[in-house]
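Colleague: Quick one: this structure, given as structure tokens, is what I'll be asking you about.
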Amino acid sequence: MTKSFRVIPALLAAALLAGCAELDVTDPNQRTADTFWQTEQDAVMGVNAAYRGLQENGGYGRWLQFAYDMRSDIGYSRSPWGDLANFTKSVLGSYDFEVNREIFQHHYQTVFRANQVIAYVPAITGMNAGTRDRIVGEAKFIRALAYFNLVNLYGNVPLVLEPSNPADRPAQVTPDVVWAQIEKDLTEARAALPASYTGTDVGRATRGAAAALLGRAHLQQREWALAAGAFADVTGGTQYSLLPNFGDNFTAAGDNSAETIFEVQFGGPEVLAAGSRGQNIIKMMGPCGVGFCDGEPRQWYVDEFRRETTVAGGTDPRLDATLFYNRPGGMDVYGTPFATRYGNRLGDEFWKKFGEYYKTDQDWDNPVNVEVMRLGGVLLLHAEALTENNQVELARPLVNRVRARAGLAPLAAGMSQAAMRTEIEHQILLELGLENERWLWLARQGWLADAGRITVLRSRDPDFDAFAPHRALLPIPSTETNLNPNVKQNPGW
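Just so you know, we're using the numbering used here here: the sequence shown kicks off at 1153 and counts up by one.
Take a look at the structure:
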């Protein structure tokens, strides 16, 4: 499928930054907020710069999978980079460690860009009203997505809603205030965004993306009925459909497919000169040799794929799409049989999703888009919301749609709430591994605050030996707490 719009760039971000206050000389060509926001094209460039923020290392370009998946019980790190291996154990020698600092910093850079669009685009004269409202809606969606990650990973964070300057020291707020703003932004975005796009605009935020993210916001707050209502806007229509082949979601050919609700757009080396970039996820944690294998799956997680055979008697096909592993008959790893690369050792598995495994090596700038929300996952999240709201029978057909795509037999009627809850967890593991969901599930289901459940996590993943409930949140980087007296460190750190 043709790649979608290519975010324009860094040159805009540079144009929007204030000049150095100490200098007496002013560059007459310097674009400022007063001179930039004049035309519809300026508005498009502004929102493209906000999308570009999602590509950063601290966004969807590299580190989020380490924070959401490798810190969870499905993954771990044997990286020789000791600070990275410790991060997956929720142990930080420095709160300014690159992963922690860049997640925080790059999300706020994205908020900074979105805030300018929201503040300045409505005042552009002569602009088509529908285009204006749509662009502001896109920026509100992007801001909500950035705060969704910030509040889930850091909890008490500054809430910045206006264009900022270097002298600002924004106040820290509690999570409920952040969640309220996320809901407001997404409600307004859903009203302004179109159902779909055509041509080079494919890939921008849509009405369905806003509804799905709103559902995720309610779900994470355990507002089950509200979550189910928002998800129904996505799962109940015909706009999205499951791809017949699960693995096609994670290849460049499957970018922006019928299953996609929202994905972050990436390109290969050919787009670098234009200010765009590729993602580095699989170069960092792909199979050893073609990648650095800095993140790997836990064995218990691999075994989840083998708990149930398909109706044809085979292994769940999501295993082959998610992981490289040694299997009878062999499995190619970037064109070389697994056993040839790694010997006949059992127990070595590596992440496959989002990789260029159709090549002989993995490029640093990987053009495969990163799925943020797709129908397969949202069907299961909708089912979770319904199940927790004691509507188990309404959840069953949603789960069965996912099971059918995997070749599994349908669930029979009459399941208890506990049985359905267990089934949904199992399906989320198989469907959404390496898609930034496992930590969120552990948090909303209470596993990170319950001593008994933490013991279970330790039995699956020794990295939890050092875990305590306060580590459910990351520490706020010291660069922020040192500079801003209105920001206090998260308790326990």
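Glycine residues also receive a C-beta, built at the ideal position from the N, C-alpha and C atoms.
Does the Cβ of S1110 have 16 or more other Cβ atoms within 10 Å, making it buried, or fewer, making it exposed?
Modeller: A query on residue 1110 cannot be resolved here, the shown segment of the chain reaching from 1153 to 1645 and no further.
Colleague: Which stretch, first to last residue, makes up the beta strand (DSSP E) that contains V1639?
Modeller: Taken as a continuous stretch (DSSP letters only), V1639 belongs to no beta strand (DSSP E), as it is neither H nor E.
Colleague: Considering V1416, what are the terminal residues of the alpha helix (DSSP H) in which it resides?
Modeller: V1416 -> not in any alpha helix (DSSP H); beta strand (DSSP E) instead, spanning 1412–1416.
Colleague: Any idea what DSSP makes of N1518, helix, strand or coil?
Modeller: DSSP places N1518 in strand when its eight states are reduced to three.
Colleague: Since F1300 is in the alpha helix (DSSP H), which residue starts that stretch and which ends it?
Modeller: Note, F1300: alpha helix (DSSP H), 1281–1306.
Colleague: Among R1479, Y1486, A1369, G1381, whose alpha-carbon lies nearest the alpha-carbon of N1301?
Modeller: Selected option, being the one with the closest Cα: A1369.
Colleague: Can the beta-carbon of R1479 be found less than 8 Å from the beta-carbon of F1398?
Modeller: Cβ atoms of R1479 and F1398: not closer than 8 Å.
Colleague: Rounded to a whole number of angstroms, what is the C-alpha to C-alpha distance between W1376 and A1361?
Modeller: Going from the Cα of W1376 to the Cα of A1361 covers about 19 Å.
Colleague: Could you check if V1463 is buried or exposed, using at least 16 other CB atoms within 10 Å of its CB as the buried criterion?
Modeller: Burial call: exposed.
Colleague: Just to confirm before moving on: does the CB-CB distance between I1580 and W1593 stay below 8 Å?
Modeller: It is a contact, given that the beta carbons lie within the stated cut-off.
Colleague: Going by DSSP in three states, D1235 sits in which element: helix, strand or coil?
Modeller: DSSP places D1235 in helix when its eight states are reduced to three.
Colleague: What span of residues does the alpha helix (DSSP H) with F1619 cover, start to end?
Modeller: Run containing F1619: none; DSSP gives neither H nor E here.
Colleague: If we call anything under 8 Å between Cβ atoms a contact, is R1342 one with R1356?
Modeller: No, these two residues do not count as a Cβ contact at 8 Å.
Colleague: Quick one: grab the DSSP three-state call for V1251.
Modeller: In the structure shown, V1251 sits in a helix (DSSP, three-state: H, G or I).
Colleague: Between the beta-carbon of W1503 and the beta-carbon of G1466, is there less than 8 Å?
Modeller: Their beta carbons are not under 8 Å apart, which means W1503 does not touch G1466 by this criterion.
Colleague: Alpha carbon to alpha carbon, how far is V1354 from N1408?
Modeller: Near 7 Å, if we compare the C-alpha coordinates of N1408 and V1354.
Colleague: When the distance is taken between beta carbons, is E1411 closer than 8 Å to L1394?
Modeller: Contact flag set, yes.
Colleague: Would you check if the distance between the CB atom of A1291 and the CB atom of I1270 is smaller than 8 Å?
Modeller: Their beta carbons are under 8 Å apart, which means A1291 touches I1270 by this criterion.
Colleague: According to DSSP, is Q1373 helix, strand or coil?
Modeller: Reduced to three states, the DSSP call for Q1373 is coil.
Colleague: How is Q1501 classed by DSSP in three states: helix, strand or coil?
Modeller: What sits at residue 1501 in the sequence shown is Glu, not Gln. It is a strand residue.
Colleague: Since N1518 contacts G1430 with CB under 8 Å, what's their CB separation in whole angstroms?
Modeller: Their Cβ separation, rounded to whole angstroms, is 5 Å, which keeps N1518 and G1430 in contact under 8 Å.
Colleague: Can you check which of these residues, Q1193, G1198, L1626, Y1349, is closest to Q1268 by C-alpha distance?
Modeller: If we check each option's Cα against that of Q1268, G1198 comes out closest.
Colleague: Return the chain-ordered ranges of every alpha helix (DSSP H) run that is complete within the segment 1415–1502 and spans a minimum of 4 residues.
Modeller: Counting only runs of 4 or more, we get 1433–1437, 1451–1456, 1470–1474, 1490–1494.
Colleague: Please determine, among A1570, E1632, V1639, the residue with the shortest C-alpha to C-alpha distance to Y1247.
Modeller: The candidate whose alpha carbon is nearest that of Y1247 is E1632.
Colleague: What residues in its chain sit with their C-beta under 8 Å from that of I1576, if we drop five residues either side in the sequence?
Modeller: Around I1576: L1532, A1535, E1536, T1539, A1547, V1551.
Colleague: Our contact map puts Q1207 next to V1416 with C-beta atoms below 8 Å; I'd like the distance itself, whole angstroms only.
Modeller: About 6 Å; that satisfies the 8 Å criterion.
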